[in-house]
Amino acid sequence: MVANALWGWLQQWEQNNWQRRGKPIWSAELWKDIAARIKNMVVKVRHVDAHVPKSRATEEQINNHQVDQAARTEVAQIDLDWQNKGELFLAWWAHETSGHQGRDATYKWARDRGVDLTMDAIAQVIHDCETCAIIKQAKRMKPLWEEG
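Be aware that the sequence shown starts at 1, since it is given in UniProt numbering, and climbs by one per residue.
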(Lines of atoms letter the chains of each structure in order from A and count residues from 1; the text may use other names and numbers.)
(Lines give C-alpha, C1' and ligand atoms only; values in the text may rest on other atoms or scores of the structure.)
Protein backbone atom coordinates (compact mmCIF):
# COMPACT_ATOMS: atom_id res chain seq x y z
CA MET A 1 0.00 0.00 0.00
CA VAL A 2 2.77 2.46 0.89
CA ALA A 3 4.54 1.82 -2.41
CA ASN A 4 1.32 2.40 -4.37
CA ALA A 5 0.62 5.56 -2.40
CA LEU A 6 4.06 6.94 -3.13
CA TRP A 7 3.87 5.91 -6.80
CA GLY A 8 0.74 7.88 -7.49
CA TRP A 9 -2.13 7.59 -5.08
CA LEU A 10 -0.96 10.58 -3.02
CA GLN A 11 -1.40 12.95 -5.97
CA GLN A 12 -4.83 11.51 -6.75
CA TRP A 13 -5.94 11.67 -3.12
CA GLU A 14 -4.76 15.26 -2.80
CA GLN A 15 -6.57 16.27 -6.01
CA ASN A 16 -9.74 14.63 -4.65
CA ASN A 17 -9.53 16.42 -1.29
CA TRP A 18 -8.18 13.29 0.46
CA GLN A 19 -11.18 11.21 -0.55
CA ARG A 20 -11.71 8.12 -2.67
CA ARG A 21 -15.11 7.51 -4.23
CA GLY A 22 -16.54 10.28 -2.06
CA LYS A 23 -15.31 8.79 1.23
CA PRO A 24 -12.36 10.02 3.29
CA ILE A 25 -9.25 7.91 2.87
CA TRP A 26 -8.03 5.97 5.87
CA SER A 27 -5.60 7.96 8.06
CA ALA A 28 -5.83 11.07 5.87
CA GLU A 29 -3.88 13.24 8.31
CA LEU A 30 -0.94 10.85 8.20
CA TRP A 31 -0.97 10.76 4.38
CA LYS A 32 -1.19 14.58 4.25
CA ASP A 33 1.86 14.74 6.51
CA ILE A 34 3.78 12.27 4.34
CA ALA A 35 2.79 14.14 1.16
CA ALA A 36 3.99 17.44 2.62
CA ARG A 37 7.31 15.94 3.72
CA ILE A 38 8.13 14.32 0.37
CA LYS A 39 6.86 17.14 -1.87
CA ASN A 40 10.40 18.41 -2.63
CA MET A 41 12.16 15.05 -2.49
CA VAL A 42 12.95 12.39 -5.02
CA VAL A 43 11.46 9.20 -3.60
CA LYS A 44 12.37 5.93 -5.25
CA VAL A 45 10.22 2.91 -4.52
CA ARG A 46 10.92 -0.53 -5.88
CA HIS A 47 10.56 -4.15 -4.95
CA VAL A 48 13.31 -5.86 -2.97
CA ASP A 49 13.20 -9.65 -2.85
CA ALA A 50 13.54 -10.21 0.87
CA HIS A 51 13.33 -13.99 0.81
CA VAL A 52 16.98 -14.89 0.33
CA PRO A 53 19.50 -16.50 2.69
CA LYS A 54 21.55 -13.98 4.66
CA SER A 55 24.74 -15.31 3.06
CA ARG A 56 23.51 -14.23 -0.41
CA ALA A 57 21.75 -11.02 0.61
CA THR A 58 22.59 -7.79 -1.19
CA GLU A 59 22.96 -4.48 0.64
CA GLU A 60 19.35 -3.60 -0.31
CA GLN A 61 18.05 -6.89 1.08
CA ILE A 62 20.01 -6.40 4.31
CA ASN A 63 18.65 -2.84 4.60
CA ASN A 64 15.12 -4.15 3.95
CA HIS A 65 15.54 -6.71 6.72
CA GLN A 66 16.75 -4.01 9.13
CA VAL A 67 13.80 -1.76 8.30
CA ASP A 68 11.37 -4.67 8.79
CA GLN A 69 12.99 -5.46 12.12
CA ALA A 70 12.80 -1.83 13.23
CA ALA A 71 9.16 -1.61 12.13
CA ARG A 72 8.25 -4.66 14.21
CA THR A 73 10.05 -3.14 17.20
CA GLU A 74 8.38 0.25 16.79
CA VAL A 75 4.81 -1.03 16.31
CA ALA A 76 4.31 -1.30 20.05
CA GLN A 77 5.75 2.17 20.67
CA ILE A 78 3.94 4.30 18.07
CA ASP A 79 3.47 7.95 18.82
CA LEU A 80 2.87 10.97 16.62
CA ASP A 81 6.18 12.75 17.16
CA TRP A 82 7.04 12.00 13.52
CA GLN A 83 9.92 14.37 13.03
CA ASN A 84 11.87 13.27 16.10
CA LYS A 85 11.05 9.57 15.71
CA GLY A 86 11.81 9.73 12.00
CA GLU A 87 15.18 11.35 12.53
CA LEU A 88 16.08 8.92 15.31
CA PHE A 89 15.07 5.99 13.12
CA LEU A 90 17.20 7.31 10.23
CA ALA A 91 20.11 7.94 12.62
CA TRP A 92 19.78 4.39 13.99
CA TRP A 93 19.67 2.98 10.45
CA ALA A 94 22.72 5.02 9.37
CA HIS A 95 24.66 4.03 12.49
CA GLU A 96 23.83 0.32 12.13
CA THR A 97 24.40 0.21 8.39
CA SER A 98 27.66 2.16 8.48
CA GLY A 99 29.09 -0.31 10.98
CA HIS A 100 28.99 1.38 14.41
CA GLN A 101 31.84 3.70 13.44
CA GLY A 102 31.00 6.60 15.73
CA ARG A 103 29.26 9.95 15.45
CA ASP A 104 31.39 11.69 12.81
CA ALA A 105 31.68 8.61 10.59
CA THR A 106 27.92 8.00 10.81
CA TYR A 107 27.23 11.65 9.94
CA LYS A 108 29.57 11.48 6.91
CA TRP A 109 28.15 8.12 5.79
CA ALA A 110 24.58 9.47 5.93
CA ARG A 111 25.48 12.79 4.29
CA ASP A 112 27.25 10.95 1.43
CA ARG A 113 23.97 9.15 0.77
CA GLY A 114 21.82 12.28 0.90
CA VAL A 115 20.43 11.72 4.40
CA ASP A 116 20.43 14.88 6.51
CA LEU A 117 20.87 14.07 10.21
CA THR A 118 21.77 16.16 13.23
CA MET A 119 24.77 15.29 15.37
CA ASP A 120 22.41 15.25 18.38
CA ALA A 121 20.27 12.49 16.87
CA ILE A 122 23.35 10.44 15.98
CA ALA A 123 24.84 10.95 19.45
CA GLN A 124 21.57 9.84 21.09
CA VAL A 125 21.42 6.68 18.96
CA ILE A 126 25.06 5.86 19.71
CA HIS A 127 24.49 6.46 23.43
CA ASP A 128 21.58 3.97 23.35
CA CYS A 129 23.36 1.43 21.10
CA GLU A 130 23.90 -1.91 22.85
CA THR A 131 26.53 -3.00 20.32
CA CYS A 132 28.58 0.14 20.93
CA ALA A 133 28.28 -0.34 24.70
CA ILE A 134 29.69 -3.87 24.36
CA ILE A 135 32.52 -2.60 22.13
CA LYS A 136 33.38 0.17 24.64
CA GLN A 137 33.36 -2.30 27.52
CA ALA A 138 35.62 -4.71 25.62
CA LYS A 139 38.10 -1.90 24.87
CA ARG A 140 38.30 -1.05 28.61
CA MET A 141 39.14 -4.61 29.63
CA LYS A 142 42.80 -5.56 29.99
CA PRO A 143 43.93 -8.59 28.03
CA LEU A 144 44.53 -11.66 30.22
CA TRP A 145 48.26 -11.60 29.46
CA GLU A 146 48.55 -8.09 30.97
CA GLU A 147 46.96 -9.01 34.29
CA GLY A 148 48.93 -10.11 37.28
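Note that CB positions come from ideal geometry on N, CA and C, so glycine has one too.
For my contact list, residue i and residue j are in at a C-beta cut-off of 8 Å; report their separation, rounded to the angstrom.
| i | j | result |
| --- | --- | --- |
| residue 50 | residue 61 | 6 Å |
| residue 103 | residue 123 | 6 Å |
| residue 63 | residue 97 | 6 Å |
Quick one, which of the options has its alpha-carbon nearest residue i's?
| i | options | result |
| --- | --- | --- |
| residue 43 | 24, 115, 124, 122 | 115 |
| residue 132 | 100, 143, 123 | 100 |
| residue 88 | 120, 98, 113 | 120 |
| residue 31 | 138, 22, 93, 8 | 8 |
| residue 68 | 118, 18, 48, 84 | 48 |
| residue 33 | 137, 86, 45 | 86 |
| residue 126 | 137, 95, 108 | 95 |
Where does residue i fall in DSSP's three states?
| i | result |
| --- | --- |
| residue 113 | coil |
| residue 19 | strand |
| residue 76 | Below a pLDDT of 50, predicted positions are generally treated as unreliable, and residue 76, at 48, falls in that range; the measurement from the model is reported next regardless. Residue state, collapsed to three classes: coil. |
| residue 51 | coil |
| residue 139 | helix |
So does residue i have its beta carbon nearer than 7 Å to some heavy atom of the ligand HEM?
| i | result |
| --- | --- |
| residue 137 | No copy of the ligand HEM occurs in the structure displayed, which carries no ligand at all. |
Would you give the residue range spanned by the alpha helix (DSSP H) that residue i belongs to?
| i | result |
| --- | --- |
| residue 37 | 28 to 38 |
| residue 10 | 10 to 15 |
| residue 125 | 119 to 128 |
So if DSSP puts residue i in a beta bridge, which residue, or which two residues, is it bridged to?
| i | result |
| --- | --- |
| residue 24 | 19 |
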